[in-house]
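Scroll down for the structure; my scribbles are underneath it.
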Amino acid sequence: MLNQKQFLSPHIFTKSLETLSNRDGYGQGLVLAGEHDPNIVVLAADLSDSTKASLFKEKFPTRFIEVGVAEQALATIGSGMASYGKIPFLNSYAIFSPGRNWEQIRTTICLNNVPVKIIGSHAGITVGPDGGSSQALEDIALMRTLPNMIVVVPADSQEAQKATQEIAKNQKPTYLRLTRMATPVFTTPKTPFTIGKAEVLWESRDPKVAIIGCGHLVYEALKAAKSLSESRIGSIVINNHTIKPLDEQTIIRAAKTTGCIVTIEDHQVNGGLGSVVAETLAKNFPTPIEMIGIEDKFGESGDPKELLEKYKLTAKYIIQTAKKVIKRKNNW
Amino acid sequence: MKKITSPFEIQVLANDIRKDIIKTLAQAGSGHSAGALGLADIFTALYFNLLNHDPQNPNWEERDRLFLSNGHVCPALYAVLANAGYFPKKELKTMRKLSSRLQGHPVRESLPGLESTSGPLGSGLAQAAGYAYGAKMDNKRFRVYAITSDAEHQEGNHWEAVLFAAKYKLNNLTSFVDRNFIQISGSTEEIMPLEPLKAKYEAFLWNVIEIDGNNVSQIFESVEKARKETQKPTVIIANTIPGKGVPFMEGRFEWHGKSPTNEEAEAAIKALDKA
Chain Z
1 MLNQKQFLSP
11 HIFTKSLETL
21 SNRDGYGQGL
31 VLAGEHDPNI
41 VVLAADLSDS
51 TKASLFKEKF
61 PTRFIEVGVA
71 EQALATIGSG
81 MASYGKIPFL
91 NSYAIFSPGR
101 NWEQIRTTIC
111 LNNVPVKIIG
121 SHAGITVGPD
131 GGSSQALEDI
141 ALMRTLPNMI
151 VVVPADSQEA
161 QKATQEIAKN
171 QKPTYLRLTR
181 MATPVFTTPK
191 TPFTIGKAEV
201 LWESRDPKVA
211 IIGCGHLVYE
221 ALKAAKSLSE
231 SRIGSIVINN
241 HTIKPLDEQT
251 IIRAAKTTGC
261 IVTIEDHQVN
271 GGLGSVVAET
281 LAKNFPTPIE
291 MIGIEDKFGE
301 SGDPKELLEK
311 YKLTAKYIIQ
321 TAKKVIKRKN
331 NW
Chain Y
1 MKKITSPFEI
11 QVLANDIRKD
21 IIKTLAQAGS
31 GHSAGALGLA
41 DIFTALYFNL
51 LNHDPQNPNW
61 EERDRLFLSN
71 GHVCPALYAV
81 LANAGYFPKK
91 ELKTMRKLSS
101 RLQGHPVRES
111 LPGLESTSGP
121 LGSGLAQAAG
131 YAYGAKMDNK
141 RFRVYAITSD
151 AEHQEGNHWE
161 AVLFAAKYKL
171 NNLTSFVDRN
181 FIQISGSTEE
191 IMPLEPLKAK
201 YEAFLWNVIE
211 IDGNNVSQIF
221 ESVEKARKET
231 QKPTVIIANT
241 IPGKGVPFME
251 GRFEWHGKSP
261 TNEEAEAAIK
271 ALDKA
């Protein structure tokens, strides 16, 4: 059942649940962060409207800096501004930043250890019609391997807003991953959010499997949990919004409680959330794991919903996979 | 710190610093000789006259900032910083060794006096430009300097920063180009020609000054001119002799990425003693 302490939307499993892109929450969070801290500046690489950085630009025009279609400059100019004492938010699509400018992020932001915020918008296969060259499916892997870097993947627009305000304050290099598609806003202003703390959103009385997700697919995990409970299969659903630092305790506890895990992400399972969870459990509490995500493939054009179906990233596949991993556990 | 005003005295000190560079590189057993020797006059002129800075208080808020972009010439920067009093000179011996604060390429947090981490080419000017932009937002009076190599002008990241600095009229930014015409595998003009470099910067709407980068009076004058510029960022194209002061290194690209053996170091120091 839903964890009441999470204060999720009362409309959570109804058609009246609002959908928004999590970049909307980001844009609002950015303005709020900007009001709170005059040192926040926003840099854009020609994509201020579609990344919602434009909301900040309207409010604080003198703190908005256009660098042109130049993502390497975006990272390195951002590094310089952070060395000076500003808190730069770098805005582009994830495929370009951190896709194109990875080395600049590594050397001038992470090794330099300056508090630059890299906002990778339009990540994941749900970018849709733009096709494979636009769909960043490797960005979590790229960012989580960098020392000093914090990696946050909000589950909906509301959480994106909170995450934006939080990363503005953490004084660390940080990657925030955003997606374009409008997805259910199932958390509320009262839902807890702390960087580095995974949240248990659903916990059945006798859970047989733990489903760990990040990003917009956490909602699919909740739908799957509800459906599984209707077939009398209890589960735990974890919103693992912070990939790094990982909340190992919560994940190990879920593994100990259930004995098997399903992970789900709109990203390559190689190097993404699936890998993160597997690495942690292999070291601490070896447990059967099934990983749902993109399996060493590039994406393609299509409606986001069609793509989610084709690449098996929906509640239906989580349910199938949960049953599979429970069977594995029983034969372990 | 107390400034040395005489160009001649700077030139003499730069020659001593070249000896430190040679000793440091020979001790390390690897590293980049040619560019470091070629830039010794510029680094010495900056740290002993042109920059406002305080080795006793490396984080002094009003200091001028220097971003070294071509991090591989750091033996020159380390030797100058040590001579200026940022850290004990004997520490030069540790460069490139385990646990040393003097990393093979500079790492900002490891040593006082460094403004940035560098090594991968083409990213230093952009960092300096970002810094200069931030300083301008807050009406800071200090100046921001960048040292770049000529060959790193083959990197796209560098030209992105050139566009940026011009657009935002960063007249608080002065960038040196170490124009020594060599890179690791040969002549810049054979590998990927940069000429006409002066015309390129002019076309990108920078204030362009060209000097003999081994002549301290010209270094002084060029920085003075840059300070007076009210609209544009300034680039000082400093024609230098790679390996300057060591006859068997001068002008030879083979010394770009190589350190001297102990025998070569001895010969180099003898040559510098006579200079």
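From first to last, the protein sequence lines stand for chains Z and Y.
Position one of the first sequence corresponds to residue 1 (full-length UniProt numbering), numbered consecutively onward.
Position one of the second sequence corresponds to residue 1 (full-length UniProt numbering), numbered consecutively onward.
Each residue gets a CB set at the ideal place from its N, CA and C atoms; glycine is no exception.
Run the CB neighbour count on Phe181 of chain Y, radius 10 Å, all protein chains shown included, and call it buried at 16 or more, exposed below.
For the purposes of this step, residue 181 of chain Y is taken as residue 181 along the second sequence, with counting starting at 1. By the 10 Å Cβ count, Phe181 of chain Y comes out buried.
Where does Ile294 of chain Z sit, in a helix, a strand or coil, going by DSSP?
Against the first sequence, residue 294 of chain Z aligns to sequence position 294. DSSP places Ile294 of chain Z in strand when its eight states are reduced to three.
Report the three-state DSSP secondary structure of Leu98 of chain Y (helix, strand or coil).
Counting from one through the second sequence, the residue named residue 98 of chain Y turns up at place 98. Residue state, collapsed to three classes: coil.
Just to confirm my understanding: we take Pro7 of chain Y, look at its own chain, exclude 5 residues before and 5 after, and list those with CB closer than 7 Å. What are they?
As a position in the second sequence, residue 7 of chain Y is number 7, starting the count at 1. Result list for Pro7 of chain Y: Val216, Ser217, Phe220, in chain order.
Runs of beta strand (DSSP E) wholly within the stretch 79-113 of chain Z (minimum 3 residues, chain order)
The stretch 79-113 of chain Z contains these whole beta strand (DSSP E) runs: 87-93.
Sort out for me which residues DSSP pairs Trp60 of chain Y with in a bridge.
Locating residue 60 of chain Y in the second sequence gives position 60, where the first residue counts as 1. Paired residues: none, contrary to the question.
Please report whether the beta-carbon of Asn157 of chain Y lies at a distance below 7 Å from any beta-carbon of chain Z.
Residue numbering aside, residue 157 of chain Y sits at position 157 when the second sequence is read from its first letter. Answer yes: the Cβ-Cβ gap between Asn157 of chain Y and chain Z drops below 7 Å somewhere.
Counting only beta-carbon atoms, is Gly215 of chain Z nearer than 7 Å to chain Y?
Your numbering for residue 215 of chain Z matches position 215 in the first sequence. No, no contact with chain Y.
How would you call Glu166 of chain Z, buried or exposed, if buried means at least 16 neighbouring beta carbons within 10 angstroms?
To locate residue 166 of chain Z, count along the first sequence from 1; it is residue 166. Under this definition Glu166 of chain Z is a buried residue.
Which bits of chain Y does Gln171 of chain Z rub up against, with CB to CB less than 9 Å?
Counting from 1 along the first sequence, the entry for residue 171 of chain Z is found at position 171. Those within 9 Å of Gln171 of chain Z in chain Y number zero; the least Cβ separation is about 14 Å.
At a cut of 8 Å, does the stretch 31-46 of chain Z reach the stretch 232-250 of chain Z through at least three beta carbon pairs?
With a cut-off of 8 Å, the stretch 232-250 of chain Z and the stretch 31-46 of chain Z do not count as touching, because too few Cβ pairs lie within range.
Which residues mark the beginning and the end of the alpha helix (DSSP H) in which Thr263 of chain Z is found?
Looking up residue 263 of chain Z in the first sequence gives position 263. Taken as a continuous stretch (DSSP letters only), Thr263 of chain Z belongs to no alpha helix (DSSP H), being part of the beta strand (DSSP E) at 261-268.
Beta bridge counterpart(s) of Asn239 of chain Y as assigned by DSSP
By one-based count along the second sequence, residue 239 of chain Y stands at place 239. According to DSSP, which records beta bridges pairwise, Asn239 of chain Y is partnered with Y:Arg179, Y:Asp212.
Pop quiz: Gly213 of chain Y and Thr230 of chain Y are said to be a contact at Cβ under 8 Å. What is the actual Cβ separation, rounded to whole angstroms?
Within the second sequence, numbered from 1, the residue matching residue 213 of chain Y stands at position 213. Within the second sequence, numbered from 1, the residue matching residue 230 of chain Y stands at position 230. With 8 Å as the limit, Gly213 of chain Y and Thr230 of chain Y do not qualify as a contact, their Cβ atoms being about 25 Å apart.
Of the residues Z:Val153, Z:Arg205, Z:Lys323, the one placed nearest Lys244 of chain Z, counting alpha carbons only
Counted from its first residue, the first sequence places residue 244 of chain Z at position 244. Looking at the Cα atoms, Z:Val153 is the closest of the given residues.
Buried/exposed call for Ser187 of chain Y, threshold 16 Cβ in 10 Å
For this step, residue 187 of chain Y is matched to residue 187 along the second sequence. Exposed: under 16 other Cβ atoms inside 10 Å.
For a contact meaning CB atoms closer than 7 Å, what does Phe164 of chain Y contact in chain Z?
Taking the first residue of the second sequence as position 1, residue 164 of chain Y is located at position 164. The contacting residues are Val67, Ala73, Ile77.
Starting from Ser123 of chain Y, find everything on chain Z with Cβ-Cβ shorter than 7 Å and list it in chain order.
Along the second sequence, read from residue 1 onward, the residue named residue 123 of chain Y stands at position 123. The CB of Ser123 of chain Y comes closer than 7 Å to the CB of Thr76, Gln104, Thr107, Thr108 in chain Z, given here in chain order.
Cβ-Cβ distance between Gly124 of chain Z and Asp266 of chain Z below 7 Å:
For the purposes of this step, residue 124 of chain Z is identified with residue 124 of the first sequence, where counting begins at 1. For the purposes of this step, residue 266 of chain Z is identified with residue 266 of the first sequence, where counting begins at 1. Yes, the pair counts as a contact, with Cβ atoms nearer than the cut-off.
Contact set between Asn112 of chain Z and chain Y, taken where Cβ atoms lie within less than 7 Å:
Residue mapping note: residue 112 of chain Z aligns to position 112 of the first sequence, counting from 1. Residues of chain Y passing the Cβ test: Arg108, Ser116, Thr117.
According to DSSP, Pro55 of chain Y sits in a beta bridge with which residue or residues?
Here residue 55 of chain Y corresponds to residue number 55 of the second sequence, with the count starting at 1. Answer is none; Pro55 of chain Y lacks a bridge partner.
Taking Cβ positions only, does Ala245 of chain Y come closer than 7 Å to chain Z?
Within the second sequence, numbered from 1, the residue matching residue 245 of chain Y stands at position 245. The question names Ala, but residue 245 of chain Y is Gly in the sequence shown. Closer than 7 Å: no.
Where do the ends of the alpha helix (DSSP H) carrying Pro75 of chain Y lie?
What you label residue 75 of chain Y is simply residue 75 of the second sequence in a count that begins at 1. Per DSSP, Pro75 of chain Y belongs to the alpha helix (DSSP H) from 74-84.
Just to confirm, are Phe89 of chain Z and Val151 of chain Z a CB contact at a threshold of 7 Å?
Position 89 of the first sequence holds residue 89 of chain Z. Position 151 of the first sequence holds residue 151 of chain Z. No; because the gap between Cβ atoms is not below 7 Å, this pair is not in contact.
So, Ile212 of chain Z versus Thr263 of chain Z, is the Cβ gap smaller than 7 Å?
Within the first sequence, residue 212 of chain Z is the residue found at index 212, counting from 1. Within the first sequence, residue 263 of chain Z is the residue found at index 263, counting from 1. Cβ atoms of Ile212 of chain Z and Thr263 of chain Z: closer than 7 Å.
Could you spell out where the alpha helix (DSSP H) holding Leu30 of chain Z opens and where it closes?
For the purposes of this step, residue 30 of chain Z is taken as the residue at position 30 of the first sequence. Taken as a continuous stretch (DSSP letters only), the alpha helix (DSSP H) holding Leu30 of chain Z covers 22-36.
Beta-carbon proximity of Phe176 of chain Y to Ala129 of chain Y, cut-off 7 Å
Residue 176 of chain Y sits at position 176 when you count from the first residue of the second sequence. Residue 129 of chain Y sits at position 129 when you count from the first residue of the second sequence. Contact flag unset, no.
Is there contact between the stretch 212-223 of chain Z and the stretch 167-186 of chain Z, where contact requires at least three CB pairs shorter than 8 Å?
yes
Is Glu265 of chain Z near the ligand GDP - that is, is its Cβ less than 6 Å away from at least one heavy atom of it?
As presented, the structure is devoid of all ligands, the ligand GDP included, so that no description of it is given.
Could you confirm whether any beta carbon from chain Z is found closer than 7 Å to the beta carbon of Gln127 of chain Y?
Along the second sequence, one-based indexing puts residue 127 of chain Y at 127. So yes, Gln127 of chain Y belongs to the interface.
Among the candidates Z:Thr145, Z:Tyr317, Z:Val67, Z:Asn331, whose CA atom is the shortest distance from the CA of Cys110 of chain Z?
The count along the first sequence starts at 1 and reaches residue 110 of chain Z at position 110. Here the closest residue by C-alpha is Z:Thr145.
Could you check if Met1 of chain Z is buried or exposed, using at least 16 other CB atoms within 10 Å of its CB as the buried criterion?
Stepping through the first sequence from its first residue, residue 1 of chain Z is reached at position 1. Counting Cβ neighbours within 10 Å, Met1 of chain Z comes out exposed, since fewer than 16 surround it.
Where the beta strand (DSSP E) containing Ile65 of chain Z begins and where it ends
Working through the first sequence from its first residue, we reach residue 65 of chain Z at position 65. Taken as a continuous stretch (DSSP letters only), the beta strand (DSSP E) holding Ile65 of chain Z covers 64-66.
Beta-carbon gap between Tyr26 of chain Z and Ala136 of chain Z smaller than 7 Å
Here residue 26 of chain Z is taken as the residue at index 26 of the first sequence, counted from 1. Here residue 136 of chain Z is taken as the residue at index 136 of the first sequence, counted from 1. No, the pair does not count as a contact, with Cβ atoms beyond the cut-off.
Rounded straight-line distance, which links the Cα of Arg227 of chain Y to that of Glu9 of chain Y:
Counting from 1 along the second sequence, the entry for residue 9 of chain Y is found at position 9. Counting from 1 along the second sequence, the entry for residue 227 of chain Y is found at position 227. Rounded to whole angstroms, Glu9 of chain Y to Arg227 of chain Y spans 23 Å at the Cα level.
For Gly122 of chain Y, which of Y:Ser30, Y:Glu160, Y:Leu170, Y:Leu197 has the nearest alpha-carbon?
Position 122 of the second sequence holds residue 122 of chain Y. Residue Y:Glu160 holds the alpha-carbon nearest to the alpha-carbon of Gly122 of chain Y among Y:Ser30, Y:Glu160, Y:Leu170, Y:Leu197.
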